[in-house]
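Take a look at the structure set out below.
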Amino acid sequence: MDLSAFIEKYGALLAQGTVDTTVMVLASTLGAYVIGIVLGTLLTVVAPDGLRPNRVAYSVIGWLVNMARSLPFIILLLFLIPVTRAVVGTTLGVPAAVFPLIVSAAPFVARMVESSEAEVDRGLIEAATSMGASTWEIILKVYLREGLPSLLRGLPIVIITILGYTAMAGTVGAGGLGDIAIRYGYQRYQDDVMIATVIILVIMVQVIQTLCNLLVRGCDKRMRS
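What follows is the structure in structure tokens.
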């Protein structure tokens, strides 16, 4: 099959798969960062050397984060099927994939946030405290502001990891390029479709990495000025 015939036959399918994958990745990344920043900052605040030390809270939250991180995504995806059905109303399609993707990625983001905030100069925190800054002000103006470049450097890792997870989610009918690769490339032995999905995924990874690099450079310049 020549290229024009292939595009005519599978172009719309691959285009829709690319859109579905992009939606899953963006929605999941946003959700994972919202939850991950909250959890990571909470871990920083209640850590033994944090602003509000609380060993019990730190241990419990840390244990939950580690437990979620230890589960392979495909196992977590299957384990969450009843919860996904209760939350989303279905276990098929893009909406059903976003929920387990967030649950899987958020703990990873939380640890990354905790690590980024741990790198913040303690002198800045002490200075803010001595000036009467509240806990919320220190979190927003010191921890998150100073840790932003580090968080942005981890952004492509998170996005590309989620992109890989979307391919695995295709095994249970989540849609997207992973679903196309499974149904056409694996089950029907159509190597041309499999190769096309791989090429699209590679291009998406390169675009993500390039855009994130530009974002980090722009952020670093603003932080230094």
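Residue 0 is where the sequence shown starts when you use numbering that gives the first Met the number 0, and the numbers rise one by one after that.
Each residue gets a CB set at the ideal place from its N, CA and C atoms; glycine is no exception.
In this structure, DSSP gives V119 a state outside helix and strand, which the three-state scheme calls coil. With fewer than 16 other CB atoms across the displayed protein chains lying within 10 angstroms of its CB, S129 is exposed. About 16 Å separates the CB atoms of G169 and I159; that is not less than 8 Å, and the two are not in contact. The stretch 170–222 contains, as complete alpha helix (DSSP H) runs of 4+ residues, the segments 175–179 (chain order). By the CB criterion at 9 Å, G39 and E145 fall outside the cutoff. S3 counts as exposed, since fewer than 16 other beta carbons sit within 10 angstroms of its beta carbon.
Per DSSP, R144 is one residue of the alpha helix (DSSP H) stretching across R144 to A168. Across the set T28, L176, N53 and M111, the C-alpha of L176 shows the shortest separation from the C-alpha of V201. Straight across, the Cα-Cα distance linking I124 with V55 is about 23 Å. For P81, the enclosing alpha helix (DSSP H) covers residues I80 to V87. In the three-state reduction of the DSSP assignment, S133 falls in the coil class. A residue is called buried when at least 16 other Cβ atoms come within 10 angstroms of its Cβ; A126 does not meet this threshold and is exposed.
Just measuring C-alpha positions, the residue of Q189, L214 and N212 sitting nearest K8 is Q189. Taking the CA atoms as reference points, P99 sits about 11 Å from M167. 9 Å or more divides the Cβ of A46 from the Cβ of V102. For T90, the three-state secondary structure derived from DSSP is coil.
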